Amino acid sequence: MIRAVVRGVGHYLPDRVVPNSEFEAIVETSDEWIRSRSGIERRHFAAVGQMTSDLATRAAQAALADARIDAAQIDAIIVATSTPDLTFPSVATMVQNALGMTKGFAFDVQAVCAGFVYALANANALILSGQATRVLVIGAETFSRLMNWKDRGTCVLFGDGAGAVVLAATEGTGTTADRGILATDLNSDGRYKDILYVDGGTSTGTTGHLVMEGKEVFRHAIEKLSETAHAALDKAGLTSEDVDWIVPHQANIRIIEGTAKRMQVPMDRVVVTVQDHGNTSAASIPLALSVGKARGQIKQGDLVVTEAIGGGLAWGSVVLRW
0 MIRAVVRGVG HYLPDRVVPN SEFEAIVETS DEWIRSRSGI ERRHFAAVGQ
50 MTSDLATRAA QAALADARID AAQIDAIIVA TSTPDLTFPS VATMVQNALG
100 MTKGFAFDVQ AVCAGFVYAL ANANALILSG QATRVLVIGA ETFSRLMNWK
150 DRGTCVLFGD GAGAVVLAAT EGTGTTADRG ILATDLNSDG RYKDILYVDG
200 GTSTGTTGHL VMEGKEVFRH AIEKLSETAH AALDKAGLTS EDVDWIVPHQ
250 ANIRIIEGTA KRMQVPMDRV VVTVQDHGNT SAASIPLALS VGKARGQIKQ
300 GDLVVTEAIG GGLAWGSVVL RW
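Pasting the structure below:
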């Protein structure tokens with residue numbers, strides 16, 4: 000049986016680090032207020048002229064180096080992003096060009112904060128169907144460019160960054176002991192559009208700003224994230240007791256803690272980076288995977304569950320053995 004196995008992982012963060020204290024001059028807030036409600040202490044902002052594709056390319060290069068393969072050996076690139084450089088072409092084709100690839104194919108996936116989970120599921124399907132042997136999957140965002148700097152409830156939460164993984168087709172035994180993606184679970188419900196969206200696009204002729212009903216998003220997040228994680232584990236024939244690491248979407252420490260509690264997984268088995276990066280949307284899971292590996296937390300053979308929820312609402316999870 001063919002499995003899509005993680006062969007390399009990498010990330011990139013812009014140079015500018017923005018501590019909570021910087022927001023005190025912009026909106027009525029404080030470091031204590033932000034930390035207590037989100038767990039965030041700092042985040043990174045892209046420089047002027049630094050695009051989402053630039054961040055994605057740097058993360059891709061790091062993942063390729065970790066996998067010890069050349070870009071020419073990649074069959075496909077999938078970029079999860081809600082902040083593309085341009086309406087079109089895709090960020091993925093820009094990364095393809097930046098890496099010097101002249102073959103293969105590339106496309107973007109837009110599922111906001113759940114984008115990387117959706118991209119992983121698509122990459123897994125490409126590999127299992129035989130359409131690709133090696134897929135570069137990237138989450139990259141410049142969410143700082145969607146902020147309403149007068150809204151203290153949202154502008155303090157988000158940051159910029161990118162993470163990437165290289166997936167490669169590998170023969171497995173068909174058991175849960177196999178390395179690679181063991182199960183995926185994807186969901187969406189368009190009825191909840193109005194609790195998390197950007198008020199711009201072709202309908203307005205503007206980029207727009209992020210709008211969020213925080214309490215409603217929080218309520219849906221804990222319930223739906225734990226449900227999707229259990230659904231993916233069930234599909235794989237596994238339980239929470241088998242999980243070595245949860246690598247969640249890094250939106251809010253209270254959501255992360257609440258989801259882990261529902262899954263009955265202790266926090267010392269959860270990779271947490273929200274304090275350093277803020278919410279980087281589709282970039283947050285691959286960022287956390289890369290940081291988790293660099294810290295020595297995630298090791299080969301570990302069972303990892305990733306889960307995320309974003310505007311749409313769209314949510315999902317992936318169970319994989321590292």
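Letter by letter, the sequence shown follows residues 0 to 321 of numbering that gives the first Met the number 0. Where a beta carbon is used, it is the ideal one built from N, C-alpha and C, also for glycine. For clarity, every value in this text was computed on a predicted model and none was experimentally measured.
Minimum length 3: unbroken beta strand (DSSP E) runs contained in the stretch 34-77: Within the stretch 34-77, the complete beta strand (DSSP E) runs of at least 3 residues are 41-44.
Distance, Cα to Cα, residue 216 vs residue 210? Rounded to the nearest whole angstrom, the C-alpha separation of residue 216 and residue 210 is 11 Å.
What are the boundary residues of the beta strand (DSSP E) that residue 10 is part of? 1-11 is the span of the beta strand (DSSP E), which, as asked, contains residue 10.
Which whole-angstrom value describes the C-beta separation of residue 9 and residue 289, a residue pair presumed to lie in contact below a C-beta threshold of 8 Å? Their Cβ separation, rounded to whole angstroms, is 6 Å, which keeps residue 9 and residue 289 in contact under 8 Å.
What does DSSP give as the partner residue(s) for residue 277 in the beta ladder? Note: residue 277 sits in no beta bridge, so no partner.
Let me know if residue 263 comes out buried or exposed under the rule of 16 or more other beta-carbons within 10 Å of its beta-carbon. Classification of residue 263: exposed, given that the 10 Å Cβ count is below 16.
Would residue 224 pass as a contact of residue 314 if the rule is Cβ separation under 8 Å? One thing to note: residue 224 has its Cβ within 8 Å of the Cβ of residue 314.
Specify whether the stretch 74-81 and the stretch 112-121 touch according to this definition: at least 3 beta carbon pairs, one from each stretch, less than 8 Å apart. Counting Cβ pairs under 8 Å, three or more are found: they touch.
Among 316, 52, 239, 283, whose alpha-carbon lies nearest the alpha-carbon of residue 87? When only C-alpha atoms are compared, the closest one is 52.
Whose CA, out of 161, 163, 142, 47, lies closest to the CA of residue 153? Checked all of 161, 163, 142, 47; the closest Cα to residue 153 is 142.
Looking at C-alpha atoms only, which residue of 308, 27, 304, 91 is the closest neighbour of residue 136? Ranked by Cα distance from residue 136, the first of 308, 27, 304, 91 is 91.
What does DSSP give as the partner residue(s) for residue 138 in the beta ladder? Residue 138 pairs with 79, 162.
Supposed contact pair residue 198 and residue 207 - C-beta distance, whole angstroms, cut 8 Å: 4 Å between Cβ atoms; contact.
Are the beta-carbon atoms belonging to residue 275 and residue 40 less than 8 Å from one another? It is a contact, given that the beta carbons lie within the stated cut-off.
Can the beta-carbon of residue 159 be found less than 8 Å from the beta-carbon of residue 44? Yes. Within cutoff.
Taking a contact to mean a Cβ-Cβ separation below 8 Å, would you say residue 138 touches residue 120 in this structure? No. Outside cutoff.
Three-state class that DSSP yields for residue 110 in the structure shown: Note: residue 110 maps to coil in three-state DSSP.
Do residue 229 and residue 284 count as a contact pair if the criterion is CB distance below 8 Å? No, Cβ-Cβ distance for residue 284 and residue 229 is not below 8 Å.
Using the C-alpha atoms, what's the distance from residue 265 back to residue 280? One C-alpha to the other measures close to 24 Å.
Where does residue 184 sit, in a helix, a strand or coil, going by DSSP? Collapsing the DSSP output to three states places residue 184 in a strand.
Short of 8 Å in beta carbon distance, which residues of its chain neighbour residue 17, apart from the five on each side in sequence? Order them along the chain. In chain order, 41, 42, 43, 44, 158 place their CB closer than 8 Å to the CB of residue 17, counting only its own chain and leaving out the 5 sequence neighbours on each side.
May I ask you to list the residues that DSSP assigns as paired with residue 217? Paired residue(s): none; residue 217 is not in a bridge.
For residue 133, count neighbouring C-beta atoms within 10 Å of its own C-beta (all shown protein chains included) and say buried if the count is 16 or more, exposed if not. Buried, since its Cβ has 16 or more Cβ neighbours within 10 Å.
For residue 98, count neighbouring Cβ atoms within 10 angstroms of its own Cβ and tell me buried if that reaches 16, exposed if not. Classified as buried, residue 98 has 16 or more neighbouring CB atoms from the shown chains inside 10 Å of its CB.
Based on Cα-Cα distance, which residue from 73, 221, 304 lies nearest to residue 257? For residue 257, the nearest C-alpha among the options comes from 221.
Determine the extent of the beta strand (DSSP E) in which residue 289 is found, giving its start and end residues. DSSP places residue 289 outside any beta strand (DSSP E); the residue lies instead in the alpha helix (DSSP H), whose first and last residues are 283-294.
Sufficient close CB pairs (3 or more, under 8 Å) joining the stretch 231-244 to the stretch 299-315: By the Cβ rule, the stretch 231-244 counts as touching the stretch 299-315, because three or more pairs are nearer than 8 Å.
Is it right to say residue 292 is buried, meaning 16 or more other beta carbons lie within 10 angstroms of its own, or is it exposed? With 16 or more other Cβ atoms within 10 Å, it is buried.
Based on the DSSP output, what are the partners of residue 316 in its beta bridges? DSSP links residue 316 through a beta bridge to 184, 306.
Since I believe residue 173 is in contact with residue 179 (beta carbons under 8 Å), could you give me their beta-carbon distance rounded to a whole number of angstroms? With a Cβ gap of about 11 Å, residue 179 and residue 173 do not count as contacting.
Would you tell me roughly how many angstroms separate the C-alpha atoms of residue 125 and residue 2, rounded to the nearest one? Answer to the nearest angstrom: the Cα atoms are 11 Å apart.
Assign residue 16 to one of three DSSP states: helix, strand, or coil. Looking at residue 16 - three-state DSSP - the assignment turns out to be strand.
Opposite residue 244 in the DSSP bridges: which residues? 303, per the DSSP bridge assignment.
Give the DSSP-derived three-state secondary structure of residue 105 in the structure shown. Residue state, collapsed to three classes: strand.
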